[in-house]
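The sequence shown finishes on residue 582 if you use the UniProt record's numbering, and the numbering steps up by one all the way, no holes. Even glycine gets a Cβ: it sits at the ideal position worked out from N, Cα and C. The model shown is predicted, which means the values in this text are computed figures rather than measured ones.
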Amino acid sequence: MSSSSLPLPSAANSPATQTQATAGTVDHVSSASLPRTVWGNGFLDHRFDYASLQANHKQPKHEVLKQEVRKMVIDYDVKSGDSESHIADKLRLIDAVQRLGVGYHFEKEIGEVLERVDDLGDDLFSNIGDKGSDLYHAALRFRLLRQQGFPVSPDGFRKLKGSEGKFKEWLAKDEKGLLSLYEAAHMAFNGEDILDEVLSFATKTLESIFPNKITNPSFQKQIDFALRVPAWKCVPRSLARHSIDFYSTDSFHHEKLLAFAKLDFNIVQKFHQQELYEVSNWWRSIDVATKFPYARDRLMESYYCVNSMYFEPKYRSGRIIATKIFLMLAILDDTYDNFATYEEAHALTEAIERMDVRALQELPDRMRNVYSVILNLYDEIEKETGKIGPTFGVQYAKAELKKLSQAYLGEIRWRNEGRVPTLREYIINGVASSGVSKLCTSCFVGMGAEIATKKAFEWVTNESKMMNAGCLIARVQNDIFSHEFEQKRNHVASAVECCMKEYRVSEKEAVEFLWKEISNAWKDIVEEYCQKPTLLPSTDLTDRLLNLTRLINIFYDDGDCLINSHLLKDHLTSLFIDPVPL
1 MSSSSLPLPS AANSPATQTQ ATAGTVDHVS SASLPRTVWG NGFLDHRFDY
51 ASLQANHKQP KHEVLKQEVR KMVIDYDVKS GDSESHIADK LRLIDAVQRL
101 GVGYHFEKEI GEVLERVDDL GDDLFSNIGD KGSDLYHAAL RFRLLRQQGF
151 PVSPDGFRKL KGSEGKFKEW LAKDEKGLLS LYEAAHMAFN GEDILDEVLS
201 FATKTLESIF PNKITNPSFQ KQIDFALRVP AWKCVPRSLA RHSIDFYSTD
251 SFHHEKLLAF AKLDFNIVQK FHQQELYEVS NWWRSIDVAT KFPYARDRLM
301 ESYYCVNSMY FEPKYRSGRI IATKIFLMLA ILDDTYDNFA TYEEAHALTE
351 AIERMDVRAL QELPDRMRNV YSVILNLYDE IEKETGKIGP TFGVQYAKAE
401 LKKLSQAYLG EIRWRNEGRV PTLREYIING VASSGVSKLC TSCFVGMGAE
451 IATKKAFEWV TNESKMMNAG CLIARVQNDI FSHEFEQKRN HVASAVECCM
501 KEYRVSEKEA VEFLWKEISN AWKDIVEEYC QKPTLLPSTD LTDRLLNLTR
551 LINIFYDDGD CLINSHLLKD HLTSLFIDPV PL
C-alpha cells in the first residue's frame with residue numbers, strides 16, 4: 001500500500017453529485033440504538049440579562065487585571081542584543097497567556113512581540129545541541145512563531161543528533177525540555193523529516209518515563225494531557241480550563257495573570273450559559289422527541305462544537321446561529337442515515353436543491369418535518385443577519401447545505417447497492433459529507449460582513465489545502481472511532497472498510513495507514529497556516545477552521561462523543577456549568 005497522501009480532488013466530481021434513482025433500493029431503519037442525552041433541560045434555568053453580562057465583562061477588577069497583564073506583555077520588550085534569558089522569559093509569558101485562554105485580549109501586542117522575536121533570526125538555536133543548553137525555550141520559540149504564522153526553519157533541531165545520527169543522551173534527562181520539544185514537533189510541514197524524527201523520539205521517551213520516573217504529580221498530568229492532545233491540536237477553551245488548574249504549580253507563574261485568567265473564564269462562562277438558554281428554548285420548540293424520535297438529542301455537544309470554533313463574547317450572535325444550524329444538520333444526518341428510504345432521501349435532496357416552500361407539498365410525508373425545520377431556520381437567519389448588514393453569507397451557507405445533502409445521498413446509494421467504494425472515491429465524497437465546510441460557512445454567517453467578506457466565503461467553500469485537510473481529518477478520524485458502531489446500523493462502508501477491501505489488509509493495518517494520512521493532513525494545515533497573511537483570510541477566519549479540526553481530537557479521545565454523550569459530561573460541566581474556584 002502506498003504511503004503517499006490521499007488525493008483530494010474537487011467534490012464536484014463526487015459520486016454524491018449524481019442524483020439519479022438507483023434500482024433495487026431498500027427501506028432502511030436503524031438497528032443500533034442511540035444513547036439518550038445526559039443533560040436534560042437544565043439550561044432553561046440559566047437566564048441572564050445580556051446587558052449586565054457585557055457590563056460584568058468590564059467590571060473594575062477585570063479591567064485592572066487586564067491592564068496589568070497587558071503591561072506585563074508590553075514591558076518584556078524584545079530587541080537585538082537582549083540576553084537569551086530575557087527573551088526566554090518573554091516567550092514563557094506569551095505561552096502562558098495563550099494557554100490560559102486570555103490571549104484574545106492581547107492579540108495585537110503578542111503579534112508585535114513575536115514579530116520582533118522572528119526578526120532576531122535563528123540565534124536561539126545556536127547552542128541547542130550542547131549539553132545543558134535551554135532546549136525548553138528553543139523549542140517553545142519555534143512553536144510560538146509557527147503558531148503565529150511565521151515559517152521559521154526547523155534546521156536547528158538537527159543539532160540534537162550526534163555524529164552517529166542518534167539523538168543525544170542528555171535530552172532524555174530534560175523532562176520539561178522534552179515536553180516542549182514534543183509540542184514543537186507537531187508544527188511540521190510535509191517533508192520536514194527532522195521534525196518527524198523529533199516527534200517520534202520525544203513521544204517514545206516521554207511514554208517511557210511516564211509516569212514512574214516523574215516525581216511531580218502536576219507535571220505527570222501535564223505530560224498525560226499533552227500525549228493525548230498536544231497544545232497545537234487542542235481547542236483553546238478546553239486548553240484554558242486544563243491550564244488554569246496547573247499554572248499555579250509552575251515555578252515561573254504570575255499571580256496576577258492567573259487571577260485574571262480565572263476571572264475572565266468565569267465571566268465568559270456566563271455568556272455561554274445565556275447562549276445555551278436561548279438555544280435550548282429554540283431546540284425545545286422544535287419538539288425533537290416527537291417529530292424526530294430517530295435523531296440524536298445532542299444540544300450541549302452541538303453547542304460545544306460551535307463554542308470550540310469561537311468562544312469570545314464578541315461572537316455571541318454567530319454562536320447562536322451556528323449552533324442552530326449544527327443541530328439542524330444532526331437531524332438531517334440522522335434522517336439520511338437512520339430513517340429515510342432511498343426514494344425519500346432522493347426527494348429530500350431535490351427539495352433542498354430548490355430551497356423553496358413550494359417543494360414542501362411535493363415531498364413524502366415523512367420528509368416534511370425536517371424540510372420545514374430547514375426552511376424556517378434559514379428564513380430566521382436571513383432576517384436576523386439582515387438587520388445588521390448584507391446577507392450574502394446565508395446564500396453561501398445554503399449552497400454548502402446542498403453539497404452536504406448530495407454527499408449524504410451518495411452514501412445511501414453505496415449502502416443500498418452494497419458497494420464498497422475505493423478509498424479515493426470515499427474520500428472525495430467525504431470532503432463534503434464531513435460537514436466541515438458547511439459548519440465553517442455557518443460559523444462565518446454570524447460574524448458580520450466586515451469580517452466574513454465574500455472573499456472569505458469563497459476561500460472556505462472552494463476547497464483550499466487547509467479546508468481539504470480539515471475535511472479529511474474529520475471524516476477519517478470519525479470513521480476510525482465509529483465504524484464498528486455504524487456497521488451495526490447497516491451504514492455505508494467507512495474509510496476503514498474501504499481501505500481494507502481495496503488494499504487487502506487487516507483492520508489494524510488500515511487504521512495505521514489512515515492515521516498516517518491524518519498526520520499528513522495536519523502538516524498541510526500547518527504549512528498553509530504559515531502562508532498567511534498573503535494567501536489566507538484573516539486569523540479571525542482561518543482559526544475557525546483550525547479550531548473545528550482541533551475539536552476532532554477531543555471528540556474522539558475516548559470514543560465517539562456524539563454517539564456516547566456521557567464521555568464528555570465531566571469536561572463540558574467544567575466548561576459550561578462549574579465556575580473556576582477563585
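Cα-Cα separation, residue i to residue j
i      : j      : result
Thr385 : Trp459 : 21 Å
Leu439 : Met309 : 10 Å
Leu377 : Phe292 : 16 Å
Thr25  : Val492 : With a pLDDT of 40 at Thr25, under the threshold of 50, the predicted position of this residue should be treated as unreliable, though the coordinate-derived value follows. C-alpha separation (whole angstroms): 14 Å.
Ala138 : Ala261 : 26 Å
Asn307 : Arg319 : 7 Å
Ser243 : Gly156 : 29 Å
Pro581 : Phe265 : 10 Å
Leu363 : Leu299 : 27 Å
Ser85  : Val113 : 16 Å
Thr388 : Glu278 : The identity of residue 388 in the sequence shown is Ile, whereas the question assumes Thr. Straight-line Cα distance between these residues: approximately 20 Å.
Leu276 : Tyr303 : 7 Å
Pro236 : Ala359 : 42 Å
Ala188 : Glu380 : 43 Å
Lys108 : Thr539 : 12 Å
Glu400 : Ala432 : 8 Å
Lys508 : Asp479 : 13 Å
Ala456 : Val357 : 29 Å
Glu528 : Val152 : 13 Å
Leu575 : Phe271 : 12 Å
Tyr136 : Ile554 : 26 Å
Ala23  : His346 : Residue placement at Ala23 is flagged as unreliable, the pLDDT there being 33, under the threshold of 50; the coordinate-derived value follows with that caveat. Spanning the two alpha carbons is a distance of roughly 12 Å.
Cys499 : Thr422 : 7 Å
Leu160 : Leu514 : 30 Å
Met328 : Ile74  : 45 Å
Met367 : Tyr342 : 12 Å
Thr215 : Leu227 : 18 Å
Leu568 : Ser200 : 29 Å
Phe167 : Arg504 : 37 Å
Strand pairing of residue i, partner residues [DSSP]
i      : result
Lys176 : Paired residues: none, contrary to the question.
Phe167 : Lys161
Spatially closest choice to residue i from the options, by CA coordinates
i      : options                           : result
Lys465 : Glu175, Gln531, Ile577 and Leu257 : Gln531
Ala240 : Gln59, Leu567, Glu517 and Tyr104  : Tyr104
His566 : Arg358, Gly435, Tyr315 and Asp297 : Asp297
Thr391 : Thr203, Glu463, Glu164 and Met447 : Met447
Phe219 : Thr539, Lys176 and Lys161         : Lys176
Thr335 : Glu169, Thr349, Thr323 and Lys256 : Thr349
Ile577 : Gln148, Glu164 and Val268         : Val268
Tyr294 : Ala185, Ser280, Phe339 and Lys166 : Phe339
Gly149 : Leu568, Asp543 and Ser163         : Asp543
Pro217 : Asp193, Asn429 and Asp245         : Asp245
Ala231 : Gln274, His571, His186 and Thr203 : His186
Ile518 : Asp337, Pro313, Ile427 and Lys66  : Ile427
Arg475 : Asn281, Ser494, Glu484 and Glu463 : Ser494
Thr573 : Glu497, Lys213 and Gln273         : Gln273
Lys516 : Asn190, Phe106 and Thr453         : Asn190
Leu65  : Ala259, Gly435, Glu512 and Arg354 : Ala259
task: Starting from the N-terminal side, write out each stretch of the alpha helix (DSSP H) that is 4 residues or longer and does not extend beyond the region 367-427.
output: 392-417
- prompt: Does the pairing of the region 403-419 with the region 520-529 give three or more beta-carbon distances under 8 Å?
  reply: no
message: Check whether the region 138-152 and the region 104-124 are in contact - that is, three or more C-beta pairs closer than 8 Å.
response: yes
message: Would you call the region 411-425 in contact with the region 367-375, where contact means no fewer than 3 C-beta pairs closer than 8 Å?
response: no
message: To test your reading of the DSSP string, which unbroken alpha helix (DSSP H) runs of 4 or more residues are found completely within the region 100-124?
response: 107-119
message: Using 8 Å as the cut-off, can you tell me whether the region 197-213 makes contact with the region 546-557, which would need three or more C-beta pairs spanning the two stretches below that distance?
response: no
query: Are at least three pairs of beta-carbons, each pair with one atom in the region 466-481 and one in the region 397-404, less than 8 Å apart?
result: no
task: Tell me the start and end of each unbroken beta strand (DSSP E) in the region 452-512 that is at least 3 residues and wholly inside, in chain order.
output: none
- request: Assess, as a yes-or-no matter, whether the region 164-184 is touched by the region 221-233 under the definition of 3 or more beta carbon pairs within less than 8 Å.
  value: yes
field: Contact between the region 249-258 and the region 86-104 (3+ Cβ pairs under 8 Å)
entry: yes
query: Taking the runs of the alpha helix (DSSP H) that are 4 residues or longer, which of them lie wholly in the region 280-314?
result: 288-291 and 299-309
Every unbroken alpha helix (DSSP H) within the region 316-361, with a cutoff of 4 residues, ordered by chain: 316-334 and 342-354
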